[in-house]
Amino acid sequence: MLTDFVRHLFPRRVRRKDLRLRYTFCLGGMACTVLLVLLTSGFLLLFHYQPHPEHAYESILALETRVFGGHYLRSLHRFASHAYLLMLFLHSLRVILTGAYRPPRQLNWWIGFALLLLSLFTAYSGYLLPMDQLALWATQTGMNLVAELPLGFLVKGILVPDAVGAGFSLLRFYVMHILVLPATISALVALHFYRIRQDKGILPYL
Ligand code: HEM
Numbered sequence: 000m001l002t003d004f005v006r007h008l009f010p011r012r013v014r015r016k017d018l019r020l021r022y023t024f025c026l027g028g029m030a031c032t033v034l035l036v037l038l039t040s041g042f043l044l045l046f047h048y049q050p051h052p053e054h055a056y057e058s059i060l061a062l063e064t065r066v067f068g069g070h071y072l073r074s075l076h077r078f079a080s081h082a083y084l085l086m087l088f089l090h091s092l093r094v095i096l097t098g099a100y101r102p103p104r105q106l107n108w109w110i111g112f113a114l115l116l117l118s119l120f121t122a123y124s125g126y127l128l129p130m131d132q133l134a135l136w137a138t139q140t141g142m143n144l145v146a147e148l149p150l151g152f153l154v155k156g157i158l159v160p161d162a163v164g165a166g167f168s169l170l171r172f173y174v175m176h177i178l179v180l181p182a183t184i185s186a187l188v189a190l191h192f193y194r195i196r197q198d199k200g201i202l203p204y205l
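Under numbering that gives the first Met the number 0, the sequence shown has 192 at position 193, and the numbering climbs by one with no breaks.
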């Protein structure tokens with residue numbers, strides 16, 4: 000099975016027509032590739048980050064100044080997060096413009112929409128982790144906005160039981176950012192790909 004997988008990644012021949020850039024621009028595929036970069040760089044960052052209000056900022060400074068390639072690793076994660084969200088927006092736009100949200104692909108549209116919302120929330124939850132002034136004030140502003148939504152005070156109460164940047168809120172943002180959200184997104188991406196197969200591939204027209 001492993002040999003088949005490697006052969007699949009490095010085929011000896013590729014048909015010319017398969018290399019043609021089609022109307023999807025492979026935006027979903029690119030989102031998936033950037034997601035892999037995000038997950039890998041995020042995993043490596045875990046070895047240096049300390050999710051504690053008094054040590055988080057220092058651990059980021061140490062990563063930037065004392066760890067070989069640390070600045071590059073952090074920049075890669077940040078850059079990949081921007082590229083990922085951009086790919087998602089462009090992919091969603093393509094799906095809307097080609098009408099791919101219509102039956103029989105409705106379910107996959109909703110799975111994709113959930114992926115978009117979860118991805119935005121993942122980016123937001125990661126924003127607090129460096130614990131610098133930008134992180135604190137941006138998260139505080141976001142939480143104030145959430146509190147104004149219907150039932151928003153419940154969400155705020157769960158995410159920030161103490162104060163933004165205090166022990167429990169940092170711990171909860173951290174667990175959401177490194178475990179709950181990436182695991183849910185990975186499961187939904189697998190479901191998204193499964194549904195593409197079930198729907199007999201991408202749209203046949205255009
Ligand atoms: C991690 C996020 C996502 C990944 C990795 C992903 C991946 C893909 C891939 C590889 C395809 C095949 C065609 C293509 O490349 O465009 C596809 C199709 C599709 N995606 Fe996504 N997608 C994601 C998010 C979304 C979002 C945010 C939406 C919409 C809100 C969405 C809705 C759809 C639909 C409806 C199709 C079928 C399109 C067709 O038949 O033409 N996906 N996705």
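Virtual Cβ for every residue (Gly too), placed ideally from N, Cα, C.
Note that this is a predicted model, so its numbers are computed, not measured.
Under the DSSP assignment, LEU187 falls in the alpha helix (DSSP H) whose first and last residues are 180 to 197. Excluding the 5 residues flanking it on each side, PRO50 has same chain C-beta neighbours closer than 8 Å at LEU128, LEU169, LEU170 and TYR173, in chain order. Secondary structure note for ILE95: its alpha helix (DSSP H) is the uninterrupted segment 69 to 96. By the neighbour-count definition (other C-beta atoms within 10 Å, threshold 16), MET142 is a buried residue. Excluding its 5 nearest sequence neighbours in each direction, PHE67 has no C-beta neighbour in its own chain below 7 Å. Going by DSSP, GLY141 is part of the alpha helix (DSSP H) stretching over 132 to 147. A Cβ-Cβ distance of about 19 Å is found for the pair MET175 and TYR56, leaving them out of contact under the 8 Å criterion. The Cβ atoms of ILE195 and THR23 lie no closer than 8 Å to each other. Under the three-state reduction of DSSP output, ASP161 falls in the coil class, being neither helix nor strand. Sixteen is the threshold: when 16 or more other Cβ atoms of the shown chains lie within 10 Å of the Cβ of LYS155, as they do, the residue is buried. Membership of TYR123 in the alpha helix (DSSP H) is indicated by the continuous run 105 to 126. Membership of VAL174 in the alpha helix (DSSP H) is indicated by the continuous run 166 to 174. If you check the CB distance, SER80 and ALA122 come in under 8 Å.
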